[in-house]
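Engineer: One structure is given below, represented as C-alpha cells, and several questions about it will come after.
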Amino acid sequence: MNTRIKVIRSPRAMQDACLKLRARGKTIGFVPTMGALHDGHLSLIARARRENDAVVVSIFVNPTQFGPSEDYLKYPRPFSHDKDLCRAAGVDILFAPGVAAMYTQDHKTFVNVAKMSDVLCGAARPGHFRGVATVVNKLFNIVAPSSAYFGKKDFQQLAIIKNMVRDLNIPVKIVSCPIIREPSGLARSSRNRYLSDIERDHAQKLSRSLSLARRLITRDGISNPARITAEMASIIKTIPGARIDYIKICNPETLEELKTIETRALIALAIFIGKTRLIDNCIAIRDVVN
C-alpha cells in the first residue's frame, strides 16, 4: 500500500508539483473523476500506474455540468473512502479542489465542442458537455499530464474530449479504457448506488439489449438501425417503470445518427430506472461481403 499519497487542494500548488515532476523527466498519468470511486475508476488508475512514473487522480464534483434539476447536491462524496482506495492503488497525488478554487464568482470562459455536445446525452442535458469540456480543459492546464485515462462507458464524453484535445492542440495522450461491468453485465457507475436491489436486478437488461443489438449487426448482418433499436426497446420495456431517454445507433467518431449500418457503429442508450438515469454502450462491426 502506498502510504505517501499527497492531497493537494490548491490549483497553483498542483501546477507547481506537476511542473517539478515534468522538469525531472517524469511522465504523469492522470485520472479525472468526480469521486465515489468504483472498480471502473480503479481500472483506469491501475493502467495509469503501469504506464507512468507518477499518477494523479482528481476528485471534483463539477457544478457546471449539472442542470438545475439534476443531482449535484445529492451526488455522493465519500472522500475518506476514495482517498483510501487511491492510496491502496498507488496514487501519488490526489487533487481535490473546492468549487471556489476552480471557478471564480465572475467566471466567464467556457469550452464547447460544437455538434457533438448536443446529441445523445447532450440533447436532454443542455450545457452538460460544455461543463465537462471546460473542467477537463482546466484540469489538463493544471496537471499537465502526459496521458489521461477515460472509460468507454461515457463514450460521448470520451469522443468530445478527444476532439477538444485535437482542436485545441493540447499536448496530452487520451487513453480509452474498457467498460468495467458487474457480474450481471451492468456497467459500473457511481450512480448504481442509487438503485434498489430490485432495480439493480432489472438494470441487467440494459447490457442484454446491447448484446442483442451487437448480435443482430455482427452475426445476422442487420443494417437497419430502426429495426435494431426497436428490438432493444422491447427488452427495456419489460422493466417495470423504466423510461427510455434514448436508444441510438451512431457513427463512433462524429456521433451522428446512422441511417444504415455499413461497418462500425456505436450503440448507445440512456434509461431511467426509477429516478436513476443509467447509460451504457457498445461498438458493433458489421462484416460486409463484396
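Using our numbering, the letters of the sequence shown map in sequence onto residues -8 to 281. All residues carry an ideal CB built from backbone N, CA and C; glycine is no exception.
Note down the Cα distance separating Ile(-4) from Arg78, rounded to an integer number of angstroms.
Structural biologist: Their Cα atoms are separated by approximately 6 Å.
Engineer: Where does the unbroken beta strand (DSSP E) through Ser71 begin, and where does it stop?
Structural biologist: Careful: Ser71 lies outside any beta strand (DSSP E), inside the alpha helix (DSSP H) at Phe70 to Ala79.
Engineer: Look up Val90 in the DSSP assignment and give the residues it is bridged to.
Structural biologist: Partner(s): none; Val90 has no beta bridge.
Engineer: Can you list, in chain order, the residues of its chain with a C-beta nearer than 7 Å to that of Ile230? Leave out the 5 residues immediately preceding and following it.
Structural biologist: Result list for Ile230: His193, Lys196 and Ile264, in chain order.
Engineer: Can you name the residues that DSSP bridges to Asp271?
Structural biologist: Its beta-bridge partners are Leu260.
Engineer: Run through DSSP, which three-state label would Gly113 get?
Structural biologist: If DSSP states are grouped into helix, strand and coil, Gly113 belongs with the helices.
Engineer: Compute the distance between the beta-carbons of Asp83 and Gly26, then report whether it is under 7 Å.
Structural biologist: Against a cut-off of 7 Å, the Cβ pair of Gly26 and Asp83 comes out as no contact.
Engineer: Since Asn272 and Ile258 should fall inside the 8 Å C-beta cutoff, what is the C-beta to C-beta distance between them, to a whole number of angstroms?
Structural biologist: Yes, they are in contact, since the Cβ atoms of Asn272 and Ile258 sit about 6 Å apart, within 8 Å.
Engineer: Can the beta-carbon of Val48 be found closer than 7 Å to that of Arg40?
Structural biologist: In this structure, Arg40 does not lie closer than 7 Å to Val48 by Cβ.
Engineer: Let me know the secondary structure DSSP gives Phe141 once reduced to three states.
Structural biologist: The answer is strand: DSSP assigns Phe141 an E or B state.
Engineer: Let me check understanding here. Comparing Cα to Cα, which of Lys228, Pro136 and Arg172 lies closest to Lys17?
Structural biologist: Lys17 has its Cα closest to that of Pro136, out of Lys228, Pro136 and Arg172.
Engineer: Helix, strand or coil: how does DSSP classify Asp192 here?
Structural biologist: Reduced to three states, the DSSP call for Asp192 is helix.
Engineer: Would you tell me roughly how many angstroms separate the C-alpha atoms of Leu269 and Arg15, rounded to the nearest one?
Structural biologist: Going from the Cα of Leu269 to the Cα of Arg15 covers about 42 Å.
Engineer: By the three-class DSSP mapping on this structure, what secondary structure does Arg182 have?
Structural biologist: In the structure shown, Arg182 sits in a helix (DSSP, three-state: H, G or I).
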